[in-house]
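**Q** Can you read through this structure? Questions will come right after.
Protein chains in written order, with the working numbering: chain P, 297 to 707; chain C, 19 to 221.
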């Protein structure tokens, strides 16, 4: 194979031997002189004119007028390009591949004209699938034991089966006990039980969402679900099913791409929640009221990543919580109370899913470190400042988290 | 007695029956290991990813929709795990000495961009040819493919999913499935041709 430098036309000799690393001092001086003389050789000092002439000859080669296109050079160049290009199937083979796949990968079911080539595709697949490799009983046993011991460890912690991830025996017993007591103590208690049941429903939902986010992150380089980070210049609470423009569209991605079911993203405490299948071509919930959970505002470069299972990661960030009452009020231009709890559970508190995949019940929207999950730190600071002057903080829908550690959820 | 479906077995496992889980592992062991061996390129790594896959199946089991089929779900999770492994391996900058250098078609001086399957050796395996020798050649040909191409090729070859199903499993548009699979088959066919040619010349 010829080296690319072979393409350089010959005939320019006499340049200093060390020019491989740049021009020699003498050549540089001659080039400068030539440029200074506006490429007029006769205006270059006689002592360096011979050297300048050779440099001029070299520069002249760059002038397209002086070069005729060598057909062989074109061929070699095209061949080089071809060698680096990815191979493509011939049109017939491409058609046969589509037909073969369409017929359930059965060459015999393809049209006669494509039969030969489809059979070759099938044969190629068989070549790849055929193998002497078999799993040893030891591998099967090791795999089984690894899972069995994990199951046992989870059961020891009270996680009964993977279906009830996050449900502990104590949770079930307390619900069962409440139901029994409720039968005799009538309505007020029953209402409390249903409230509790709703809470457990949300806890279970957030557990499912955590798994879905884990799977999504696994397929998307640890990224959390995102459909838009720019919000198209509109407030991130402008929910529209037709296009991904609100922050909720980011969360909706989980349902749209099949990682979650809509029912896992619906709280029974939200009378407008939607369940069922995702309609084709929708990117978001129908409207703000139908959204049950508020998701970390996924704006700009400061978006947190999924850190499921990594206890050392910045796990205190809240990714998802029962819907924000602050956003609901801000949209309606009502006065907001940053300490108000989510309406999902009658104002008693909210469940929150953290970046490590854990779910906890929060009785106030304020984290132990003082971070309010309904607001970005900037507004929290403003409110603290404003309290001194008896003013109130305002949320406009354009605010974003201060950094990846600022829990701030909506809509 | 009629055998239980994969989905039924998985459901029983979710209700706490470990025996059903063992049956699922037994049912898919060879197929899955072959798939992973082709994907990650060596047996030890394939066995590691095999175990990780079944562990992930357990950890994600509450996300499995019983209405869907188990097999594609299993293979998609396995493909994800395999992809993670390959990504880590690339980060460690390991060089596979078997992998053909510079696109793997250096022996093919023609520089042809189009592959014609009628010119590719796909006949029934020669009885004289050692199975394990053939295995190696397949691995060698696959090693030249990017992980993305390898993944889609193996998902099509092993799972025989329709383009629509592949699009759903990989979360990519239908058009991308088609063009990516075409590129993958072309790349594999060309490399297979090259390694075969190399084999003949060596013989």
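Where a beta carbon is used, it is the ideal one built from N, C-alpha and C, also for glycine.
When you compare only the Cα positions, how much space is there between residue 443/P and residue 44/C?
**A** By one-based count along the first chain, residue 443/P stands at place 147. By one-based count along the second chain, residue 44/C stands at place 26. Between residue 443/P and residue 44/C, the C-alpha separation is close to 14 Å.
**Q** Examine chain C for any beta-carbon lying closer than 7 Å to the beta-carbon of residue 429/P, and answer yes or no.
**A** Taking the first chain and counting its residues from 1, the one referred to as residue 429/P is at position 133. At least one chain C Cβ lies under 7 Å of residue 429/P.
**Q** Which same chain residues, not among the five before or five after residue 676/P, have their C-beta less than 6 Å away from its C-beta?
**A** By one-based count along the first chain, residue 676/P stands at place 380. Closer than 6 Å at Cβ, skipping near neighbours: 668.
**Q** How would you label residue 631/P, buried or exposed, when you count the other beta carbons within 10 angstroms and need 16 or more for buried?
**A** The residue given as residue 631/P occupies position 335 in the first chain. Looking at its Cβ environment, which holds fewer than 16 other Cβ atoms inside 10 Å, residue 631/P is exposed.
**Q** So, for residue 99/C: in the same chain, excluding its five sequence neighbours on each side, which residues have a beta-carbon less than 6 Å away from its beta-carbon?
**A** By one-based count along the second chain, residue 99/C stands at place 81. 67, 70, 71, listed in sequence order.
**Q** Hey, quick one: how far does the alpha helix (DSSP H) through residue 159/C stretch, first residue to last?
**A** Your numbering for residue 159/C matches position 141 in the second chain. First-last of the alpha helix (DSSP H) with residue 159/C: 149-161.
**Q** Tell me the rounded alpha-carbon separation between residue 547/P and residue 537/P.
**A** Residue 547/P sits at position 251 when you count from the first residue of the first chain. Residue 537/P sits at position 241 when you count from the first residue of the first chain. Each residue's alpha carbon lies about 13 Å from the other.
**Q** Helix or strand or just coil, what does DSSP make of residue 695/P?
**A** Here the question's residue 695/P lines up with position 399 in the first chain. Three-state DSSP puts residue 695/P in coil, outside helix and strand.
**Q** For residue 209/C and residue 159/C, which I take to be in contact (beta-carbon distance under 8 Å), what is that distance rounded to the nearest angstrom?
**A** Stepping through the second chain from its first residue, residue 209/C is reached at position 191. Stepping through the second chain from its first residue, residue 159/C is reached at position 141. That pair is a contact at about 4 Å.
**Q** Whole angstroms is fine: what's the gap from residue 637/P's alpha carbon to residue 601/P's?
**A** To locate residue 637/P, count along the first chain from 1; it is residue 341. To locate residue 601/P, count along the first chain from 1; it is residue 305. Distance between the alpha carbons of residue 637/P and residue 601/P is about 26 Å.
**Q** In the DSSP output, which residue or residues are listed as bridge partners for residue 591/P?
**A** Sequence index remark: in the first chain, residue 591/P carries index 295 (1-based). Looking at the DSSP assignment, residue 591/P forms a beta bridge with 616/P, 706/P.
**Q** Give a yes or no on whether 7 Å exceeds the smallest Cβ distance from residue 157/C to chain P.
**A** Position 139 of the second chain, counting from 1, holds the residue named residue 157/C. For residue 157/C, the answer is no, since every Cβ of chain P falls outside 7 Å of its Cβ.
**Q** Grab me the residues of residue 89/C's own chain with a C-beta within less than 8 Å of its C-beta, minus the 5 sequence neighbours each way, in chain order.
**A** The residue you call residue 89/C lines up with position 71 of the second chain. In chain order, 24, 46, 177 place their CB closer than 8 Å to the CB of residue 89/C, counting only its own chain and leaving out the 5 sequence neighbours on each side.
**Q** Residues in its own chain within less than 7 Å of residue 574/P by CB, not counting five upstream and five downstream?
**A** Here residue 574/P is taken as the residue at index 278 of the first chain, counted from 1. Once the five neighbours on either side are set aside, the close Cβ partners of residue 574/P are 551, 552, 558.
**Q** Excluding the five sequence neighbours on either side, which residues of its own chain have a C-beta within less than 6 Å of the C-beta of residue 461/P, listed in chain order?
**A** By 1-based counting over the first chain, the position of residue 461/P is 165. Below a pLDDT of 50, predicted positions are generally treated as unreliable, and residue 461/P, at 45, falls in that range; no measurement from the model is reported.
**Q** For residue 212/C and residue 134/C, I'd like the C-alpha separation in whole angstroms.
**A** Translated into the one-based positions of the second chain, residue 212/C becomes position 194. Translated into the one-based positions of the second chain, residue 134/C becomes position 116. Counting only the Cα atoms, residue 134/C lies some 13 Å from residue 212/C.
**Q** At 8 Å on the CB atoms, spell out the chain P contacts of residue 48/C, in chain order.
**A** Taking the first residue of the second chain as 1, we reach residue 48/C at position 30. Simply 429, 430, 431.
**Q** Run through the stretch 498-584 of chain P for me and flag every whole alpha helix (DSSP H) of 4 or more residues, listed as ranges in chain order.
**A** 543-552
**Q** Given that residue 51/C touches chain P, what residues does it touch there, using C-beta distances under 8 Å?
**A** Numbered from its first residue, the second chain carries residue 51/C at position 33. Correct list: 429, 430, 431, 435.
**Q** Since residue 658/P is in the beta strand (DSSP E), which residue starts that stretch and which ends it?
**A** Taking the first residue of the first chain as position 1, residue 658/P is located at position 362. 655-658 is the span of the beta strand (DSSP E), which, as asked, contains residue 658/P.
**Q** How about residue 74/C and residue 95/C: are their beta carbons less than 7 Å apart?
**A** As a first step, residue 74/C is located in the second chain; it is residue number 56 there, counting from the start. As a first step, residue 95/C is located in the second chain; it is residue number 77 there, counting from the start. Between residue 74/C and residue 95/C, the gap from beta carbon to beta carbon is short of 7 Å.
**Q** Kindly indicate which three-state DSSP category residue 195/C falls into: helix, strand or coil?
**A** Looking up residue 195/C in the second chain gives position 177. Residue 195/C falls in the helix class under three-state DSSP.
**Q** Which residues does DSSP list as the beta-bridge partners of residue 440/P?
**A** In the first chain, the residue the question calls residue 440/P occupies position 144. The partner list for residue 440/P (beta bridge, DSSP) is empty, contrary to what the question assumes.
**Q** Measure the C-alpha to C-alpha separation of residue 452/P and residue 645/P and round it to an integer number of angstroms.
**A** The residue given as residue 452/P occupies position 156 in the first chain. The residue given as residue 645/P occupies position 349 in the first chain. Spanning the two alpha carbons is a distance of roughly 29 Å.
**Q** By Cβ distance, which residues of its chain are closer than 8 Å to residue 352/P, with the 5 residues on each side in sequence left out?
**A** Stepping through the first chain from its first residue, residue 352/P is reached at position 56. 330, 335, 337, listed in sequence order.
**Q** Under 8 Å by Cβ, that's how I've got residue 184/C and residue 171/C pegged, so tell me the actual separation to the nearest angstrom.
**A** Start at 1 with the first residue of the second chain, and residue 184/C comes out as number 166. Start at 1 with the first residue of the second chain, and residue 171/C comes out as number 153. Contact doesn't hold; Cβ gap of about 11 Å is too wide.
**Q** Under 8 Å by Cβ, that's how I've got residue 542/P and residue 534/P pegged, so tell me the actual separation to the nearest angstrom.
**A** Mapped onto the first chain, residue 542/P falls at position 246. Mapped onto the first chain, residue 534/P falls at position 238. 5 Å between Cβ atoms; contact.
**Q** For residue 504/P, which residues in chain C fall below 9 Å Cβ to Cβ?
**A** Here residue 504/P is taken as the residue at index 208 of the first chain, counted from 1. Those within 9 Å of residue 504/P in chain C are 80, 81.
**Q** Relative to the C-alpha of residue 388/P, which residue among 510/P, 417/P, 404/P is closest?
**A** Counting from one through the first chain, the residue named residue 388/P turns up at place 92. Among 510/P, 417/P, 404/P, the Cα nearest to that of residue 388/P belongs to 417/P.
**Q** Using a Cβ cut-off of 7 Å, pull out every chain P residue sitting near residue 43/C, in sequence order please.
**A** Residue numbering aside, residue 43/C sits at position 25 when the second chain is read from its first letter. Correct list: 436, 439, 440.
**Q** Below 8 Å on the Cβ atoms is my contact criterion, and I expect residue 505/P with residue 435/P to pass it. Report the Cβ-Cβ distance as a whole number of Å.
**A** Taking the first chain and counting its residues from 1, one reaches residue 505/P at position 209. Taking the first chain and counting its residues from 1, one reaches residue 435/P at position 139. With 8 Å as the limit, residue 505/P and residue 435/P do not qualify as a contact, their Cβ atoms being about 33 Å apart.
**Q** Below 8 Å on the Cβ atoms is my contact criterion, and I expect residue 187/C with residue 179/C to pass it. Report the Cβ-Cβ distance as a whole number of Å.
**A** Mapped onto the second chain, residue 187/C falls at position 169. Mapped onto the second chain, residue 179/C falls at position 161. Between residue 179/C and residue 187/C the Cβ distance is about 7 Å, and since that is below 8 Å, they are a contact.
**Q** Output yes or no for whether 7 Å exceeds the beta carbon distance between residue 383/P and residue 204/C.
**A** Reading the first chain from its first residue, position 87 is the one you call residue 383/P. Reading the second chain from its first residue, position 186 is the one you call residue 204/C. For the 7 Å CB-CB criterion, residue 383/P and residue 204/C form a contact.
**Q** Which residues, taken in chain order from the stretch 581-603 of chain P, show a beta carbon closer than 9 Å to some beta carbon of chain C?
**A** none
**Q** Measure the Cβ-Cβ separation of residue 397/P and residue 406/P and say whether it is below 7 Å.
**A** As a working mapping, residue 397/P is identified with position 101 in the first chain. As a working mapping, residue 406/P is identified with position 110 in the first chain. No, the Cβ-Cβ distance between residue 397/P and residue 406/P is not below 7 Å.
**Q** What residues from chain C crowd round residue 290/P, counting only those whose CB sits closer than 8 Å?
**A** Because chain P is modelled from 297 through 707, residue 290/P falls outside the range shown and cannot be assessed.
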